[in-house]
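Asker: Residue numbers (the UniProt record's numbering): 1 to 602. There's a structure below that I have some questions on.
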């Protein structure tokens, strides 16, 4: 009885919200956002009853009143707006068999267009697929974890219902014509017809026939024993080959390394704003069974995860994140973090879990503090200053170390999380027990197999803070021998500086920004960025085994101009590129073939 009364009250409230006079057509449409909001509220009241609440609401008096308002003035403006769903509502409803069956019957009974617009759809276009052919080609050579661009799961879960009578998913440039009446309906003339990856590969072969031989050459050295590859690298560099290790020798951490140890996936390699070839900064550090980390999280990061791993795989990657680290407050490095956090919250709803740890400068914390006033993000925030070398020394010297008074924990409500943290209903500036937070940080390190996670200041933002980060894994045993762990350093945005060199000493991988080409040193200095040559010199000074350049200005759509003499230990990152720890010895050898692949590109 109580349930019926509540539903009736909800319907009455919805009905009151839309029974207003709309003498002009444009006013009718002005009312629709509020109507959608009210229907969203109605659905949210019965989130656990979605399988049967869809038909209940859409056949209600309130919904019929809305249709009457929308249709009564002009027959030719008849907008049968069944299924007025927004965002997360449709994500749940389209998976409900009863709702899909009910919608199918409605379409058959009347001339109704069900057009679904939702945030879960990941846009695909021809430029994206052309660009994604590159990692597809490179990974096919390894025969493992290759990206299948023609796999439905690589696209989106709308494939599940695309061919059914459930409805029509909105696409980029899809149009709906209202007038003249004779042309009423869908117009797909501007929608791109996506072809398969095999078509793009055939086009590349016709444009650059040498690619066929290049693929064979890559395959040969890719599958060579790593010691032979190292010998070849030293010969190519002009290094005198002796039994003594040189700067070109593989570090001990690569001894008998497994492919499920570490893989670095570049989700965005451009600067400032996304372009059709490069998204903005984000790196997924895949630790496989130990989870994963995100280093920076620019806008579009979630979509890139979906393009790299597929929908199901991206959900798994987000669910298994241990930590998100943000270098500085610029939008191309943090604007996508809220979307990632919201998805993780939804994926883990109802499951016992800890809030995720977000590490960044205090300005990022202030941004998140404002954001959680609008939406629960189920997170803990730790200032980068609390993860510097000095902070680590203090923690090791005193287990009861308490951070500076400026340290504040930003969090949101997580009913099932075992850690103590604040509710968004509490005062948001409430400081949280530092010991609890540090225990959380240590737990992240332990689960990820890391012994060091250190932030260090860099030279970039004149009026705010910017950081780089060091990740070091624990030692492991190899045939009764202790093998040192790997070391990955990410510079963030920076000018070449002693802090990066010191942090990168003996690094297995240095990921360094290389925003400008070598002829634009003055511009690089003015904007506190690095040139390609400067980034390579930092790696040489630090003795890093491999340097991977990223964060290119968007005027370089694909491969920037490079000095091949300096590229014996260096590689260029591109979007969706995956670098497995086991493949580091062959990495520099790929560069000439990338340049060949993009020979005809500006």
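Just so you know, even glycine gets a beta-carbon here, dropped at the ideal spot from N, CA and C.
Helix, strand or coil, according to DSSP, for residue 394 in the structure here?
Answerer: helix
Asker: Throw me the rounded Cβ distance for the residue 267 and residue 301 pair, which I believe falls under 8 Å.
Answerer: 6 Å
Asker: So what does DSSP say about residue 333, is it helix, strand or coil?
Answerer: helix
Asker: Alpha carbon to alpha carbon, how far is residue 224 from residue 217?
Answerer: 11 Å
Asker: Does residue 479 pass the burial test, meaning 16 or more other C-beta atoms within 10 Å, or should it be called exposed?
Answerer: exposed
Asker: For residue 441, which residues in the same chain have their Cβ closer than 7 Å to its Cβ, ignoring the five residues on either side in sequence?
Answerer: 357 and 382
Asker: Do you know how far the Cα of residue 272 is from the Cα of residue 528?
Answerer: In a straight line, the C-alpha of residue 528 is about 13 Å away from that of residue 272.
Asker: Name the one or two DSSP bridge partners that residue 175 has.
Answerer: 187
Asker: Would you mind reading off the limits of the beta strand (DSSP E) that contains residue 301?
Answerer: Element bounds for residue 301: not the beta strand (DSSP E) but the alpha helix (DSSP H), 301-319.
Asker: Check whether the stretch 511-525 touches the stretch 469-478, counting contact only when three or more Cβ pairs, one atom from each stretch, lie closer than 8 Å.
Answerer: no
Asker: By a C-beta neighbour count over all protein chains shown, 10 Å radius and 16 as the cutoff for buried, is residue 47 buried or exposed?
Answerer: Because the pLDDT at residue 47 is just 41, under 50, the model does not fix this residue reliably, and the point stays unresolved.
Asker: DSSP has residue 466 in a bridge; who is on the other side?
Answerer: Beta-bridge annotation (DSSP): residue 466 is paired with 328.
Asker: Using CA atoms only, rank isn't needed, just tell me which of 492, 174 and 484 is closest to residue 193.
Answerer: 174
Asker: Taking contact to mean 3 or more Cβ pairs, one atom from each stretch, closer than 8 Å, check whether the stretch 446-463 and the stretch 305-317 are in contact.
Answerer: no
Asker: So the candidates are 338, 354 and 391; which of them puts its Cα closest to the Cα of residue 369?
Answerer: 338
Asker: Using C-beta distances below 6 Å, list every residue in its chain close to residue 320, excluding the 5 sequence neighbours before and after it, in chain order.
Answerer: 291 and 292
Asker: Three-state secondary structure (DSSP) at residue 383?
Answerer: strand
Asker: Can you tell me the Cα-Cα spacing of residue 547 and residue 571, whole angstroms?
Answerer: 6 Å
Asker: At the level of alpha carbons, what is the spacing between residue 349 and residue 377?
Answerer: 11 Å
Asker: What's the C-alpha gap between residue 305 and residue 176?
Answerer: Near 31 Å, if we compare the C-alpha coordinates of residue 176 and residue 305.
Asker: Please report how far the alpha carbon of residue 487 lies from the alpha carbon of residue 365, in whole angstroms.
Answerer: 27 Å
Asker: Tell me the DSSP secondary structure of residue 375 in three-state form.
Answerer: In the structure shown, residue 375 sits in coil (DSSP, three-state: anything other than H, G, I, E or B).
Asker: Terminal residues of the continuous beta strand (DSSP E) containing residue 457?
Answerer: 450-457
Asker: Of all the options 374, 393, 279 and 354, which has the alpha carbon lying nearest to the alpha carbon of residue 380?
Answerer: 354
Asker: Please name the residue, chosen from 252, 374 and 265, that lies closest to residue 481 on a Cα-to-Cα basis.
Answerer: 252
Asker: Could you work out which residue in 277, 281 and 255 is closest to residue 265 when comparing CA atoms only?
Answerer: 281
Asker: With DSSP run on the structure shown, which of helix, strand or coil describes residue 369?
Answerer: helix
Asker: Let me check understanding here. Comparing Cα to Cα, which of 436, 326 and 286 lies closest to residue 296?
Answerer: 326
Asker: Taking the continuous beta strand (DSSP E) assigned at residue 282, which residues delimit it?
Answerer: 282-286
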